[in-house]
Amino acid sequence: MQGLIAYYYDAVQSGKEYRWSSTCAGTIGWGAMSCIAGRPTCEDCQATPTELIKSAHYTNCRKPCNCIGFEWVRGQKKDALGVDVRNTNFDKCMDIVAKWHDVRTEMEDAVIQQTGNHTLATLWRSGTIRTQVFQGHCNGDGQKGYIPMSGGVDATIFSRAYKKY
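Counting from 2, one number per residue, gives the positions in the sequence shown under this note's numbering.
Structure (structure tokens):
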């Protein structure tokens, strides 16, 4: 399923200005770039302007709710936290993770507006880790540092409050 959106933009909407997906250069091993699907030319995904990206898979960048905002350091254990910059552009990762947090902040704002409960912003945005990326949604490194959208709010409010999509 994770390739479905990429397929849509690559095959169904091919040639559009927002095309970015499976035709881009992929990392093979540690640093050797190759075009996916054997194509002779391809773009470098990590050089694509963030505003043109419509689909992103967070494998190398780590999931936004994992609160990983630092580089993996050579010599760390393989399972240690951090973005492995041997095969990933750290700044691009932080850009696309920040976009995910933008969407979460939009959702929070919609819920706060509908409920009138402004204390939720304090509850949901109290984190202090790399706030320019995580926007207050993380109070520590790793998934345990993620601040979920909870706090006595009925879950059905989210679907009612956020009709944008």
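Note that CB positions come from ideal geometry on N, CA and C, so glycine has one too.
Looking at C-alpha atoms only, which residue of the options is the closest neighbour of residue i?
i    : options               : result
V98  : S160, T60, R161, I113 : T60
C94  : R126, V112, M150, S56 : S56
R105 : P50, R75, C62, Y147   : Y147
Q114 : C68, Y9, R63, F159    : F159
C46  : N88, P65, W73, E109   : N88
L121 : D96, C66, V154        : V154
G141 : T129, T116, L53, A48  : T129
D110 : Q77, R161, V74, G76   : R161
D103 : T157, F71, G83, T132  : T132
N90  : Q77, F71, G76         : F71
Starting from the C-beta of residue i, find all residues in its chain whose C-beta is less than 7 angstroms away, skip the five residues before and the five after it, and write them out in chain order.
i    : result
G124 : Looking at the sequence provided, one finds Leu at residue 124 rather than Gly. Here the set comprises G152.
If you count every other CB in all the chains shown that lies within 10 Å of the CB of residue i, and 16 or more means buried, which is it?
i    : result
E107 : exposed
D92  : exposed
H58  : exposed
G117 : exposed
Sorted by chain position, which residues of the same chain lie with C-beta nearer than 8 angstroms to residue i's C-beta, five sequence neighbours on each side aside?
i    : result
G143 : N67, C68, I69, L82
Q: Quick one: which unbroken beta strand (DSSP E) runs of 3-plus residues sit fully inside the segment 99 to 134? Chain order, please.
A: The DSSP assignment places no complete run of the beta strand (DSSP E) inside the segment 99 to 134 (cut-off: 3 residues).
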